[in-house]
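Undergrad: Counting the sequence shown from 1 gives a position; full-length UniProt numbering is that position plus 2. Idealized CB from N, CA, C, for every residue including glycine. Since we're looking at a predicted model, the values are computed, not measured. Quick one: the structure is below, and I'll ask about it shortly.
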Amino acid sequence: AKTIGIIGGGQLGRMLAMAAARLGLKTIILEPQADCPAAQVANTHLKAAYDDAQALAELASLCDVVTYEFENVPVDAALTLSRSVAVFPPPRALDVSQDRLTEKQFLNDNGITTAPFRAVDDQAGLEAALADFGGEGVLKTRRFGYDGKGQRVYRKGESAEGGFAALGSVPLILEGFIPFEREISVIAARSESGEIACYDPAENVHRDGILHTSTLPARITTETAEAARAAARKLLTGLNYVGVVGIEFFLMADGALVANEMAPRVHNSGHWTEAACVISQFEQHIRAVAGLPLGATARHSDCIMTNLIGADVDALPAWLTKDNVLVHLYGKAEARPGRKMGHVTELLKR
Ligand code: ATP
Ligand code: MG
Ligand code: MG
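Structure, rendered in structure tokens:
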């Protein structure tokens, strides 16, 4: 049986390990934090930093393939591993997606529309970029932002004074402000042989910058759904990708899509697949990286996935009494504000 290395020990790694176990595969987690969600269910836990040379050598020697559950895996670590073991998705997917500037350039180069953008390296650059965009835009750190952290929206007439320092005096990007109607995402997978499979796009609602719900079906036309899948195919092919990817889009009033960002991993807006599809995004990712055939992405039910963030998990007793609700908790001991504790997917009649 194959052994799969997973870099990162969070809930995504946990759900990947669970899917691997059901396929009779073993998993080894590389994660410095003790008692992390993934280590609770994986076969082995290498407790070391993601760039620890000795741990990487051990991981490579123990695994048939190495994958990852977060996009900020050090690219050098992935490249080091890739010299002695297959690393999927390819390290280039990390390189491209870790920096919002290279990510948008890559998307545009592959024919996928994004917001207009400018690199911002100092306060003068911020003011020039804002002027370019008519005084409004969304300023973001190029690296390490998640759940809406490291961002600032500028509306017309607002002063940008001190704006560069306020986001930490690190390389930034200013994006044009996109007046979207709604947000959707698509989860897609590609196998080593180039086969591609896409799930139905989800409609996503955020609360305090964090994904709150994903609803299926999204209120989009078949043309818009096909455009989302077409973008996914371009991206997967352009990266010679193996594994699951998540792509977020802004949906415009006329049905057009503007790509927001990509995640080279399983994605929170794809958690619904474990309840509403026979093959979840987690199993799909494991199948892709382990060289197994991709599974069907058909959706057998409409559904709504709700994240349990922080104290939301207190509603667990009520969720447990509902019919047609799949509860999934991540084994985290402490429910801090903003912390993803679990999610629930309610199947709806269709
Ligand atoms: P995630 O947790 O999904 O990785 P993130 O921190 O990387 O999030 P983004 O997805 O870039 O952040 O932005 C967070 C949210 O802010 C978006 O889902 C959207 O609602 C809003 N937003 C981001 N960029 C823009 C934009 N250019 N125009 C309008 N709204 C935007
Ligand atoms: Mg992001
Ligand atoms: Mg996002």
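Using 7 Å as the threshold, is the C-beta distance between Ala290 and Gly245 below it?
TA: Along the sequence shown, one-based indexing puts residue 290 at 288. Along the sequence shown, one-based indexing puts residue 245 at 243. Going by C-beta atoms, Ala290 is nearer than 7 Å to Gly245.
Undergrad: Could you spell out the range, first to last residue, of the beta strand (DSSP E) harbouring Glu205?
TA: Counting from 1 along the sequence shown, the entry for residue 205 is found at position 203. Per DSSP, Glu205 belongs to the beta strand (DSSP E) from 204-209.
Undergrad: In chain order, what are the residues with a CB under 7 Å from some non-hydrogen atom of ligand 5?
TA: With respect to ligand 5, the structure shown offers nothing to examine, as its ligands consist of ligand 1, ligand 2 and ligand 3.
Undergrad: In this structure, does DSSP put Lys324 in helix, strand or coil?
TA: By one-based count along the sequence shown, residue 324 stands at place 322. It is coil, neither helix nor strand.
Undergrad: Going by DSSP, name the residue or residues bridged to His330.
TA: For the purposes of this step, residue 330 is taken as residue 328 along the sequence shown, with counting starting at 1. Answer by DSSP bridge pairing, in chain order: His345.
Undergrad: What first and last residue would you give for the alpha helix (DSSP H) that runs through Asn262?
TA: Position 260 of the sequence shown, counting from 1, holds the residue named residue 262. Taken as a continuous stretch (DSSP letters only), Asn262 belongs to no alpha helix (DSSP H), being part of the beta strand (DSSP E) at 259-265.
Undergrad: Would you kindly work out how many angstroms separate the C-alpha atoms of Ser303 and Ala278, rounded to a whole number?
TA: As a working note, residue 303 is residue 301 in the sequence shown. As a working note, residue 278 is residue 276 in the sequence shown. When rounded, the distance between both Cα atoms is 5 Å.
Undergrad: By Cβ distance below 7 Å, which residues in the same chain neighbour Asn112 in space, the five residues on each side in sequence not counted?
TA: To locate residue 112, count along the sequence shown from 1; it is residue 110. Result list for Asn112: Lys236, Leu237, Gly240, in chain order.
Undergrad: For a test of your reading of the model: does the CB of Val244 fall under 6 Å from any non-hydrogen atom of ligand 1? Yes or no.
TA: Walking along the sequence shown from the start, residue 244 turns up at place 242. Incorrect: Val244 has no Cβ contact closer than 6 Å to ligand 1.
Undergrad: Can you find the residues in the same chain that come closer than 8 Å, C-beta to C-beta, to Asn110, ignoring five residues on each side of it along the sequence?
TA: Numbered from its first residue, the sequence shown carries residue 110 at position 108. Same-chain partners within the cutoff: Thr116.
Undergrad: Based on the DSSP secondary-structure assignment, which residues constitute the bridge partners of Gly11?
TA: Your numbering for residue 11 matches position 9 in the sequence shown. According to DSSP, Gly11 bridges with nothing at all.
Undergrad: Work out the CA separation of Thr217 and Ile306 for me, nearest whole Å.
TA: Position 304 of the sequence shown, counted from the first residue, corresponds to residue 306. Position 215 of the sequence shown, counted from the first residue, corresponds to residue 217. For Ile306 and Thr217, the distance between alpha carbons rounds to 4 Å.
Undergrad: Check whether the Cβ atoms of Leu39 and Pro266 lie closer than 7 Å to each other.
TA: Numbered from 1 along the sequence shown, position 37 holds the residue referred to as residue 39. Numbered from 1 along the sequence shown, position 264 holds the residue referred to as residue 266. The identity of residue 39 in the sequence shown is Pro, whereas the question assumes Leu. Not in contact: Pro39 and Pro266 (Cβ atoms no closer than 7 Å).
Undergrad: For Ala22, which residues from the same chain have a beta carbon less than 7 Å from its beta carbon, with the 5 sequence-adjacent residues on both sides left out?
TA: Numbered from its first residue, the sequence shown carries residue 22 at position 20. Around Ala22: Ile6, Thr29, Ile288.
Undergrad: I want to check one thing, is the minimum distance from the CB of Ile180 to the heavy atoms of ligand 1 below 6 Å?
TA: What you label residue 180 is simply residue 178 of the sequence shown in a count that begins at 1. Answer for Ile180: yes, Cβ within range of ligand 1.
Undergrad: Counting beta carbon pairs with one atom in the segment 140-159 and one in the segment 94-111, are three or more of them shorter than 8 Å?
TA: In short, these stretches touch, since the Cβ pair count reaches three.
Undergrad: Whole angstroms are fine: how far does the CA of Ile311 sit from the CA of Tyr332?
TA: By one-based count along the sequence shown, residue 332 stands at place 330. By one-based count along the sequence shown, residue 311 stands at place 309. About 11 Å.
Undergrad: Under the assumption that Val346 contacts Leu328 (Cβ atoms under 8 Å), give the Cβ distance between them as a whole number of angstroms.
TA: Locating residue 346 in the sequence shown gives position 344, counting from the first residue. Locating residue 328 in the sequence shown gives position 326, counting from the first residue. Indeed, because the Cβ distance is near 7 Å, the residues count as touching under 8 Å.
Undergrad: Does the contact criterion of 3 or more C-beta pairs under 8 Å hold for the segment 121-130 versus the segment 158-177?
TA: A contact exists between the segment 121-130 and the segment 158-177.
Undergrad: Could you tell me the distance, in whole angstroms, from the CA atom of Gly196 to the CA atom of Val87?
TA: Mapped onto the sequence shown, residue 196 falls at position 194. Mapped onto the sequence shown, residue 87 falls at position 85. Distance between the alpha carbons of Gly196 and Val87 is about 20 Å.
Undergrad: Taking the alpha carbon of Thr215 as the point to measure from, which residue in Leu48, Tyr201, His273, Phe179 has its own alpha carbon closest?
TA: To locate residue 215, count along the sequence shown from 1; it is residue 213. When only C-alpha atoms are compared, the closest one is His273.
Undergrad: Can you say whether Asn326 is buried or exposed, counting buried as having 16 or more other CB atoms within 10 angstroms of its CB?
TA: Position 324 of the sequence shown, counted from the start, is the residue given in the question as residue 326. Per the 10 Å Cβ criterion, exposed.
Undergrad: With a CB to CB cut of under 6 Å and the five nearest residues on each side skipped, what residues in its chain are close to Phe119?
TA: Within the sequence shown, numbered from 1, the residue matching residue 119 stands at position 117. Contacts found: Lys106, Ile175, Glu177.
Undergrad: Over what stretch of residues does the beta strand (DSSP E) that includes Gln153 continue unbroken?
TA: Reading the sequence shown from its first residue, position 151 is the one you call residue 153. Gln153 -> beta strand (DSSP E) spans 153-156.
Undergrad: Return yes when at least one heavy atom of ligand 1 lies under 6 Å from the C-beta of residue 1, else no.
TA: This structure does not reach residue 1, given that the chain is present from 3 up to 352, and the question cannot be answered.
Undergrad: So, with DSSP's three-state summary, where would you put Ala230?
TA: For this step, residue 230 is matched to residue 228 along the sequence shown. If DSSP states are grouped into helix, strand and coil, Ala230 belongs with the helices.
Undergrad: Can Glu228 be considered in contact with ligand 1, in the sense that its beta carbon sits closer than 6 Å to one or more heavy atoms?
TA: Against the sequence shown, residue 228 aligns to sequence position 226. Because no heavy atom of ligand 1 lies under 6 Å away, the Cβ of Glu228 does not count as near it: no.
Undergrad: Would you mind working out which of Ile198, Asn242, Thr275, Ala229 sits nearest Met254, comparing C-alpha positions?
TA: In the sequence shown, counting from the first residue as 1, residue 254 sits at position 252. Per the Cα distances, Ala229.
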